[in-house]
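Right, one structure below, let's go through it.
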Amino acid sequence: MRKTPLLAALLPFLLLSCAETDHKGKTPVAEVDGTFVYMEDLRGNVAHLPAGIDSAEVVGNFVKERIEDILLYDKAKENISDGGEIDRLVEEYRESLVVNEYLSEIVKQKFNDTVSWRSITDFYENNRGLFVLSVPYMKGIYLKIPKSDKNIGNVRKWMRMKNSDDRDKIENVSIRNAAEYLYFMDEWRRADDFARKVPGLDFSRYAGAAGSIEKEDDTYAYFLYVDSIYKAGETAPLSLAERDLREMLFNMQKMKFVKRLKEDLFNEAEKKGSIIYYDVQE
Numbered sequence: 511m512r513k514t515p516l517l518a519a520l521l522p523f524l525l526l527s528c529a530e531t532d533h534k535g536k537t538p539v540a541e542v543d544g545t546f547v548y549m550e551d552l553r554g555n556v557a558h559l560p561a562g563i564d565s566a567e568v569v570g571n572f573v574k575e576r577i578e579d580i581l582l583y584d585k586a587k588e589n590i591s592d593g594g595e596i597d598r599l600v601e602e603y604r605e606s607l608v609v610n611e612y613l614s615e616i617v618k619q620k621f622n623d624t625v626s627w628r629s630i631t632d633f634y635e636n637n638r639g640l641f642v643l644s645v646p647y648m649k650g651i652y653l654k655i656p657k658s659d660k661n662i663g664n665v666r667k668w669m670r671m672k673n674s675d676d677r678d679k680i681e682n683v684s685i686r687n688a689a690e691y692l693y694f695m696d697e698w699r700r701a702d703d704f705a706r707k708v709p710g711l712d713f714s715r716y717a718g719a720a721g722s723i724e725k726e727d728d729t730y731a732y733f734l735y736v737d738s739i740y741k742a743g744e745t746a747p748l749s750l751a752e753r754d755l756r757e758m759l760f761n762m763q764k765m766k767f768v769k770r771l772k773e774d775l776f777n778e779a780e781k782k783g784s785i786i787y788y789d790v791q792e
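To convert, count from 1 in the sequence shown and add 510; that's our numbering.
Below is the structure:
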């Protein structure tokens, strides 16, 4: 199908437009019961159409959909009796949007997204009870490989991590043959994620020492090298708590700023006499 230029596609609609209404610089392409569809509303829908797409068809469909929406809205207004409640909800929503947009902009101006390392460490040291783990977290390597793989014996040996080359050998085998492979020696992961992957793995009974775990089913062998682990009930290390702690402290800073801003606005309004209180008789 051919791609029609936008103005040519709109021509049949432009010929129908009303010239007597002030459209505030916009170009009407259709009208239904005094409500207009404007060309400016259509531009984004036809500006980057793929080659071979007929603009006239796209424009026609869009105009039809907008008219249908207008008619449905008019019908809904006729049949919804409590318009005052809707107006109240709309105004509350608008108020919330305006306030949130304002706060978002002013927070960007007043803050960056950084929290000092001193703030993080001080809060962590003074509130260790907040960082007790509900589930175990660990660092290590996970590998799922077919039992038929000829490298099973070597993998079993390499997963003991006796020297620095073992890690590279595991990765090379994994790239070629593994059904699943995850290297997470430099990040903390929930241990129960692996308990769901590995049949018969129960971290509630795990002693906590570093080492290799091996399980299997009828088809696969599962290897898990535990480099380090913190069990449920233990205090999370700072390296694990840091990301959440950094976000929490930043949000606390924002909340304090917003609270202070609201108090300043209130105090300023009281000084100006802008606030009037009325006696309410109950």
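Beta carbons: idealized from backbone N, C-alpha and C, even for Gly.
* Are the beta-carbon atoms of T537 and I580 separated by less than 8 angstroms? -> Pairing T537 with I580 gives a Cβ-Cβ distance that is not under 8 angstroms.
* Look at the Cβ atom of F704, then the Cβ atom of L750, and state whether they are nearer than 8 angstroms. => No, Cβ-Cβ distance for F704 and L750 is not below 8 angstroms.
* To do: Indicate whether Y583 and P656 have their beta-carbon atoms separated by less than 8 angstroms.
  => The answer is no: Cβ separation not under 8 angstroms.
* Asked: Should D597 be flagged as near chain C, meaning a C-beta pair shorter than 8 angstroms?
  -> The structure shown contains no chain C; it is built from a single protein chain.
* Asked: Roughly how many whole angstroms lie between the Cα atoms of G807 and K587?
  -> Any question about residue 807 goes unanswered here, given that the chain covers just 511 to 792.
* What distance in whole Å lies between the Cβ atoms of G743 and V665, which are believed to be in contact at a cut-off of 8 angstroms? -> With 8 angstroms as the limit, V665 and G743 do not qualify as a contact, their Cβ atoms being about 33 angstroms apart.
* Asked: Where does T745 fall in DSSP's three states?
  -> T745: strand per DSSP, three-state reduction.
* So does the segment 598-617 actually touch the segment 566-573, counting three or more Cβ pairs closer than 8 angstroms? -> Contact between the segment 598-617 and the segment 566-573 is absent: fewer than 3 CB-CB pairs across the two stretches fall below 8 angstroms.
* **Burial state of A779 (16 or more Cβ within 10 Å)** => Per the 10 Å Cβ criterion, exposed.
* Asked: When DSSP labels each residue in this structure, what does S700 get in the three-state scheme?
  -> For the record, residue 700 in the displayed sequence is Arg; it is not Ser. Residue state, collapsed to three classes: strand.
* To do: Mind checking which residues open and close the alpha helix (DSSP H) that includes Y634?
  => Per DSSP, Y634 belongs to the alpha helix (DSSP H) from 627-636.
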